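Below is one structure, written out as structure tokens; the observations come after it.
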Amino acid sequence: MYAITLTEYGDPEVMVWTEVPDPVPGPGEVLISVSASAVNRADLQQRQGNYPPPAGASDVLGLECSGVIADVGADVTSWKVGDRVCALLAGGGYAEQVVVPAGQVLPVPDGLDLHVAASLPEVACTVWSNVVMYAGLSAGDTLLVHGGGSGIGTHAIQVAKALGARVAVTAGSAEKLEICRSFGADILIDYKTTDFVEEIRTATDGHGADVVLDNMGAKYLARNISALAMDGRLVTIGMQGGRVAEFDFGALMAKRGTVHCAGLRARPLTGPGGKADIVRQVREHVWPMIADGAVVPVVHAEVPVTDASQAHRMLDDHATVGKVILRVR
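If you want it as structure tokens, here you go:
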């Protein structure tokens with residue numbers, strides 16, 4: 001088969017479409033003939049040498065895909081050859097075929113384009129596992145989402161609104177904020193011109209955010225804690241603003257708050273909070289939201305996988321809204 005491989009770590013041009021050995025499914029795994037993958041910021045980090053795959057995972061980029069099951073390994077009874085699926089991956093999505101544990105596979109929602117389905121697994125599993133499974137967002141809560149125009153952000157807005165929460169977002173342009181409004185965001189904050197802490201306090205009559213979904217890390221840590229409501233939960237899923245910051249325990253204790261940092265890629269397959277558990281809950285709770293139109297995939301562009309460098313540059317310049325899809329077939 002062919003896949004995107006790296007000639008070295010560096011700029012987008014280090015990615016090349018080249019022939020590699022065909023993957024073979026083992027027990028409990030399925031082989032997917034990939035129709036599309038999608039680009040995540042973790043892919044950009046891996047390309048630069050800053051985010052190595054977990055032990056045993058494919059070193060091919062790509063944390064999600066959609067396609068058709070081409071083969072099943074021993075003991076797999078939940079899927080069959082020919083099923084239209086999308087899947088959460090630990091790697092390997094930028095390729096013609098990929099092997100994945102059966103527990104990380106989802107059916108393509110009814111009526112959804114097969115390519116577009118590639119945009120869902122990573123955002124759906126990230127948002128549900130962090131905002132709902134961990135942080136316990138529920139009706140009446142206020143959720144603050146940083147990067148509201150991103151793939152994670154646009155999905156989180158819609159899921160939170162479907163759950164009955166109030167949603168505040170930050171973004172860096174009026175255009176992106178209006179798009180966030182169109183997906184249901186209630187409080188729009190331009191982080192380039194205003195202080196999001198003061199904005200969220202004012203908009204909530206001093207209450208603050210019950211849950212903060214953060215992609216910035218160090219740069220926003222102190223302000224995120226300040227923005228929390230009493231008993232608030234800060235969930236950090238990215239480090240675009242750095243890895244190291246001073247931590248004020250007193251400020252967090254005053255809020256009776258919690259800080260939770262979580263990735264998805266290295267989670268175990270099984271057990272509570274494992275990938276299979278997350279995928280099962282996404283299928284049970286989020287897929288019906290997609291079926292009834294409460295949550296829609298947000299795709300900025302589709303490009304051929306052989307032009308993966310172009311797709312990475314799109315994310316690098318922060319102009320995208322939603323996901324960028326890589327068409328394989």
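For the sequence shown, counting from 1, position 142 maps to 142 in full-length UniProt numbering; every step adds exactly one.
Note that CB positions come from ideal geometry on N, CA and C, so glycine has one too.
Everything numeric in this text was worked out from a predicted model, so none of it was measured.
Under the DSSP assignment, GLY67 falls in the beta strand (DSSP E) whose first and last residues are 64-72. Counting along the chain, GLU29 sits inside the beta strand (DSSP E) bounded by residues 29-38. If you draw a straight line from the Cα of ALA124 to the Cα of THR194, it comes to about 29 Å.
Taking a cut-off of 8 Å on C-beta distances, the stretch 209-222 does not touch the stretch 113-120, as fewer than three cross pairs fall below it.
Scanning the stretch 174-252 from its first residue to its last, the whole beta strand (DSSP E) runs of 3-plus residues come out as 187-190, 209-214 and 228-236. For GLY322, the pairing in a beta bridge is given by DSSP as SER150. LEU106 is bridged by DSSP to CYS86. Between the stretch 162-170 and the stretch 232-251, the count of Cβ pairs shorter than 8 Å is below three; the stretches do not touch. Only exposed fits LYS192, as fewer than 16 other CB atoms lie within 10 angstroms of its CB. Counting along the chain, no beta strand (DSSP E) covers VAL279; the unbroken alpha helix (DSSP H) around it starts and ends at 275-281. Sequence-distant partners of HIS260 (beyond 5 residues in either direction) whose C-beta falls short of 8 Å from its own C-beta, in its chain, are ASN130, TYR134, ALA135, ARG233, LEU234, VAL235 and THR236. Its chain contains VAL14 as the residues whose beta carbon lies nearer than 8 Å to that of GLU8, once the 5 sequence neighbours on both sides are disregarded; these appear in chain order. By the neighbour-count criterion, in which a residue is buried when 16 or more other Cβ atoms sit within 10 angstroms of its Cβ, ASP214 is buried.
Comparing C-alpha distances from ASP22 to each of VAL305, HIS155 and VAL99 shows the shortest one belongs to VAL99. Take VAL108, set aside five residues on each side of it, and the residues of its chain with a beta-carbon closer than 8 Å to its own are SER66, ARG84, VAL85, CYS86, LEU114 and ALA117, in chain order. Inclusion of VAL324 and ALA301 in the CB contact set at 7 Å is warranted, their separation being smaller than that value.
When only Cα atoms are considered, GLY26 and THR126 end up about 26 Å apart. Rounded to whole angstroms, the Cβ separation of GLY93 and SER37 is 4 Å, and the two are in contact under 8 Å. Listed as beta-bridge partners of HIS260 by DSSP are VAL235. Between VAL299 and GLY322, the C-beta spacing is below 7 Å. Under DSSP, PRO304 takes part in a beta bridge, and its partners are ARG327. When only Cα atoms are considered, ILE69 and GLU96 end up about 12 Å apart. Between LYS80 and the set VAL286, VAL30 and SER138, the nearest pair of CA atoms involves VAL30. The three-state reading of DSSP puts PRO23 in coil, since its state is none of H, G, I, E or B. Residues of the same chain with a CB within less than 8 Å of the CB of ALA42, apart from the 5 flanking positions on each side, are TYR51, LEU63 and ARG265 in chain order. Taking a contact as a CB-CB distance under 8 Å, the pair ALA294 and VAL303 does not count as one, their CB atoms being some 28 Å apart. For LEU44, the enclosing alpha helix (DSSP H) begins and ends at 41-47.
For SER309, same chain residues with a beta-carbon under 6 Å away, outside a window of 5 residues either side, are PRO12, GLU13 and MET15 in chain order. Within 10 angstroms of the beta-carbon of MET253 lie fewer than 16 other beta-carbons, which makes it exposed. For the stretch 113-173, the continuous beta strand (DSSP E) assignments of 3+ residues that do not extend past its boundaries occur at 142-146 and 166-171, in sequence order.
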